[in-house]
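Engineer:
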Amino acid sequence: MQFGYSETCLDHDTGPRHPETADRLRAIRRGLAKRHGVEYVDAPPAEKSTVAAVHDDSYVDEFHDFCSDGGGNWDPDTVAVEASWDAALTAAGLAEWAARAALDGDDGRDTPFSLGRPPGHHAVEDDAMGFCFFNNAAVAAQAVIDDGLAERVAIFDWDVHHGNGTQDIFYDRGDVFYTSIHEDGLYPGTGEVEETGEGDGEGSTLNVPLRAGAGDADYVYSFDEAIAPAVERFDPDLFIVSAGFDAHRHDPISRMRVSTEGYAMLTECVQDLCAATDAAIAFVLEGGYGLDTLSEGVATVHETFDGRIAMEPDEDPDEKNVELVDDVRAAHGLGAK
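Per UniProt numbering, residue 1 is the first one in the sequence shown, and the count goes up by one each step.
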């Protein structure tokens, strides 16, 4: 794969004991150093106007001034320093690069994966939250739509937390389909089955809030039986994966049971779906706070695009999660299984 990466993202200093640190990117780089076929690309930062296409101008200016004044705690969890402004623009620019590269034909072993931080999927139009300042995946999707490179974009969020920011930004839009598998009840407490979009966006949001303890079989079943048919019906030009790795069974801040192999399974699911819909694929890093599991997860995605064949789940999905997927299918007019 091609990995978008910039040393600028290391300068976003969240302080001691914060889970979202520069060590996350360092760990990913160390893990990828052991793999073949890894290529790094340093893309330019996003323009302020590009970020403002999905965020309120007043919020963008407020964040700029906050960093210029030395930063601090935006909220109890979300921390910035002076360098965070450039890091956030760089992370958004790397996501934009990934989307553009995918639509330009980079696929297979050249599939783009943006390794930016701070992450983005909790950032709403007018506020930062959950470690996130600019919504990187949303910036990328909007940029390629505005430039006429894509008419329809799907964003699949497999981070353990619901991407409330991405959902909110596109909730009344019919040209961006947002779908998430996440742990029910976990921060930020959004992402219910009934949240399906409104106005022109009715039906363009699909949430699968799985019970705590869900594992590989639950994730694969949810994707195959709910997400894939809905995305096929939407028929996107570009499929962006908001790739968090904090649903891993050894991640310190979640209760899910996805294995490293499970991320290979999900990657194959994405490959199969995009082959069926002829959609370009781009990955954008979100969360993942166990350094070993994060680096293993990213490396597994890379190896899957390098030809590694994923195993099948060694168990059946939980009955309660099967019932949940039936509810999701019903909410989106997909029929009962």
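Backbone N, C-alpha and C define an ideal beta-carbon position, used for all residues, glycine too.
Go ahead and pull the three-state DSSP assignment for Pro209.
Structural biologist: If DSSP states are grouped into helix, strand and coil, Pro209 belongs with the strands.
Engineer: Roughly how many angstroms lie between the CA atoms of Glu192 and Asp251, to the nearest whole one?
Structural biologist: Going from the Cα of Glu192 to the Cα of Asp251 covers about 23 Å.
Engineer: Could you check whether the Cβ of Tyr187 sits closer than 9 Å to any Cβ belonging to chain C?
Structural biologist: No chain C is part of this structure, which consists of one protein chain only.
Engineer: Could you give the distance in angstroms between the alpha-carbon of Asp237 and the alpha-carbon of Tyr289?
Structural biologist: Going by the C-alpha atoms only, they are around 31 Å apart.
Engineer: Whole angstroms are fine: how far does the CA of Lys34 sit from the CA of Glu198?
Structural biologist: In a straight line, the C-alpha of Glu198 is about 46 Å away from that of Lys34.
Engineer: So who's on the other strand from Arg257, going by DSSP bridges?
Structural biologist: In the DSSP output, where bridge partners are listed per residue, Arg257 has Gly215.
Engineer: Using 8 Å as the cut-off, can you tell me whether the stretch 202 to 215 makes contact with the stretch 111 to 119, which would need three or more C-beta pairs spanning the two stretches below that distance?
Structural biologist: Touching, no, given that fewer than three Cβ pairs across the two stretches are closer than 8 Å.
Engineer: Check this for me: beta carbons of Phe156 and Val231, under 9 Å apart or not?
Structural biologist: Yes.
Engineer: Which two residues bound the contiguous beta strand (DSSP E) that contains Glu183?
Structural biologist: First-last of the beta strand (DSSP E) with Glu183: Val176 to Glu183.
Engineer: Hey, how far is the Cα of Asp147 from the Cα of Glu62?
Structural biologist: Straight-line Cα distance between these residues: approximately 27 Å.
Engineer: Threshold first: 3 residues or longer. Then list the beta strand (DSSP E) segments lying entirely within the stretch 19 to 107, N to C.
Structural biologist: Those beta strand (DSSP E) runs which fall completely within the stretch 19 to 107 and span 3+ residues are 39 to 41.
Engineer: Suppose you measure from the CA of Gly163 to the CA of Asp172; what does that come to, to the nearest Å?
Structural biologist: The alpha-carbon atoms of Gly163 and Asp172 are separated by roughly 16 Å.
Engineer: How about Asp23 and Leu291: do their beta carbons lie closer than 9 Å?
Structural biologist: It is a contact, given that the beta carbons lie within the stated cut-off.
Engineer: At which residues does the alpha helix (DSSP H) containing Leu115 begin and terminate?
Structural biologist: Counting along the chain, Leu115 falls outside any alpha helix (DSSP H), and DSSP gives it neither H nor E.
Engineer: Tell me, to the nearest whole angstrom, how far the beta carbon of Ala53 is from that of Gly93; I am working on the premise that it is less than 8 Å.
Structural biologist: With a Cβ gap of about 13 Å, Ala53 and Gly93 do not count as contacting.
Engineer: So who's on the other strand from Cys132, going by DSSP bridges?
Structural biologist: According to DSSP, Cys132 bridges with Met129.
Engineer: Taking the C-alpha atoms as reference points, what is the distance between Ile253 and Gln167?
Structural biologist: Spanning the two alpha carbons is a distance of roughly 22 Å.
Engineer: Taking the Cβ atom as the reference point for each residue, do Ala140 and Phe177 lie within a distance shorter than 9 Å?
Structural biologist: Against a cut-off of 9 Å, the Cβ pair of Phe177 and Ala140 comes out as no contact.
Engineer: From the DSSP output, read off the bridge partner residues of residue 342.
Structural biologist: Past the edges of the chain, shown from 1 to 337, lies residue 342, and the structure says nothing about it.
Engineer: Can you give me the C-alpha to C-alpha distance between Ala95 and Ala137, rounded to a whole angstrom?
Structural biologist: Cα-Cα distance, rounded: 6 Å.
Engineer: From Ala99 to Thr277, what does the alpha carbon distance come to, in whole angstroms?
Structural biologist: So the alpha carbons of these two residues sit roughly 17 Å apart.
Engineer: Out of Thr8, His64, Glu195 and Gly244, point me to the one whose CA is closest to Ala91's CA.
Structural biologist: Per the Cα distances, Thr8.
Engineer: Would Gly189 be called buried (16 or more neighbouring beta carbons within 10 Å of its own) or exposed?
Structural biologist: Gly189 comes out exposed.
Engineer: Pull up the distance between the alpha-carbon of Cys269 and that of Ile227, whole angstroms please.
Structural biologist: In a straight line, the C-alpha of Cys269 is about 10 Å away from that of Ile227.
Engineer: Check whether the stretch 300 to 309 and the stretch 120 to 137 are in contact - that is, three or more C-beta pairs closer than 8 Å.
Structural biologist: Not touching, per the Cβ criterion.
Engineer: Taking buried to mean at least 16 other C-beta atoms within 10 Å of its own C-beta, is Ser295 buried or exposed?
Structural biologist: Buried is the call here.
Engineer: Which term fits Ala275, buried or exposed, when burial requires 16 or more other beta carbons within 10 angstroms of its beta carbon?
Structural biologist: The residue in question, Ala275, is exposed, as its Cβ has fewer than 16 Cβ neighbours within 10 Å.
Engineer: Identify, in the order they occur along the chain, each residue of the same chain with its Cβ nearer than 6 Å to the Cβ of His248, setting aside the five sequence neighbours on each side.
Structural biologist: Correct list, in chain order: Val258 and Thr293.
Engineer: From Arg211 to Ala330, what distance separates their C-alpha atoms?
Structural biologist: Using only the alpha carbons, I get a separation of about 19 Å.
Engineer: If you draw a straight line from the C-alpha of Ser49 to the C-alpha of Ser58, how long is it?
Structural biologist: Distance between the alpha carbons of Ser49 and Ser58 is about 12 Å.
Engineer: So, using beta-carbon positions, are Leu334 and Pro229 closer together than 9 Å?
Structural biologist: Yes, the Cβ-Cβ distance between Leu334 and Pro229 is below 9 Å.
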